[in-house]
Amino acid sequence: MKDGPRIYVIYSLIWFKMKKFVLLFLTFSGICTVCAQKPAEILPSDSLQKTATSDSLSGKEKPLIRLFPNPAVNKVKIEIKGFDPGFVQVQIISNTGTVLRDDQRLVFSGNEIITLMFSIEPGLYFLTVKQNKKQARAKLVIQ
Numbered sequence: 003m004k005d006g007p008r009i010y011v012i013y014s015l016i017w018f019k020m021k022k023f024v025l026l027f028l029t030f031s032g033i034c035t036v037c038a039q040k041p042a043e044i045l046p047s048d049s050l051q052k053t054a055t056s057d058s059l060s061g062k063e064k065p066l067i068r069l070f071p072n073p074a075v076n077k078v079k080i081e082i083k084g085f086d087p088g089f090v091q092v093q094i095i096s097n098t099g100t101v102l103r104d105d106q107r108l109v110f111s112g113n114e115i116i117t118l119m120f121s122i123e124p125g126l127y128f129l130t131v132k133q134n135k136k137q138a139r140a141k142l143v144i145q
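First residue of the sequence shown? That's 3 in my numbering, and the numbers climb one at a time after it.
In structure tokens form, the structure reads like this:
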């Protein structure tokens, strides 16, 4: 009879710890899902602010990027065009020239959308995407 309350307490503690573990697991999996890159989304060509131009000598597209939403709060989607499959370097640079964020992202095609999450003070920044000798830059306003 004395073991009844003790067993109840032990089961209560195990249940409480399991709830914490499940909550932690769901939170971590949600964060991983948000950070994962989506496959390229097809946007109508008239929605682009800039159009891709061809290099007259090589016939390849010049690299360019488009940011949305801009101004951003803590997340921005970067539409890239004219890059090769492989790794690209994504940098956020302050107006004083300080590199605040430097990431390597894997690009499966040269034209896709990259999601970038950050926690940076409000202000004007430059977002640069580099790959070998290719480079594209855009202004980023953070609210």
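From the three backbone atoms N, C-alpha and C, an ideal C-beta is built for every residue, glycine too.
Just so we're clear, the structure is a prediction, and the values are computed from it rather than from any experiment.
Nearest neighbour of residue i, chosen from the options [CA to CA]
i	options	result
F128	S121, A138 and T117	A138
V1	F85, K79 and N134	This structure gives no information on residue 1, because the portion of the chain shown stretches from 3 to 145.
R107	G99, G88 and K136	G88
G95	P124, R8 and I12	The sequence as given places Ile at residue 95; Gly does not occur at that position. Answer by Cα proximity: P124.
K136	I12, I16, R8 and P65	P65
F120	G112, N134, Q133 and D105	D105
R103	Q93, Q133 and I16	Q93
A140	N76, E81 and V75	E81
V75	Q133, I67, I12 and L118	L118
I122	K77, G99 and N134	K77
Cβ separation of residue i and residue j, assumed to be a contact under 8 angstroms, to the nearest whole Å
i	j	result
V143	N72	6 angstroms
L126	N97	5 angstroms
K83	I115	Incorrect: roughly 10 angstroms between the Cβ atoms, too far for contact.
Classification of residue i by the beta-carbon crowding that lies within 10 angstroms, buried from 16 upward
i	result
T145	For the record, residue 145 in the displayed sequence is Gln; it is not Thr. So Q145 ends up on the exposed side.
V101	exposed
A16	According to the sequence as given, residue 16 is Ile; it is not Ala. Answer is exposed; the Cβ neighbour count stays below 16.
S47	Confidence in S47 is poor, its pLDDT being 44 and thus under 50, which makes the residue's placement unreliable; the coordinate value appears in the next sentence. With fewer than 16 other Cβ atoms within 10 Å, it is exposed.
V90	buried
G112	buried
I12	exposed
Identified DSSP bridge partners for residue i
i	result
Q106	Q91
Q137	K132
T98	Per DSSP, none; premise fails for T98.
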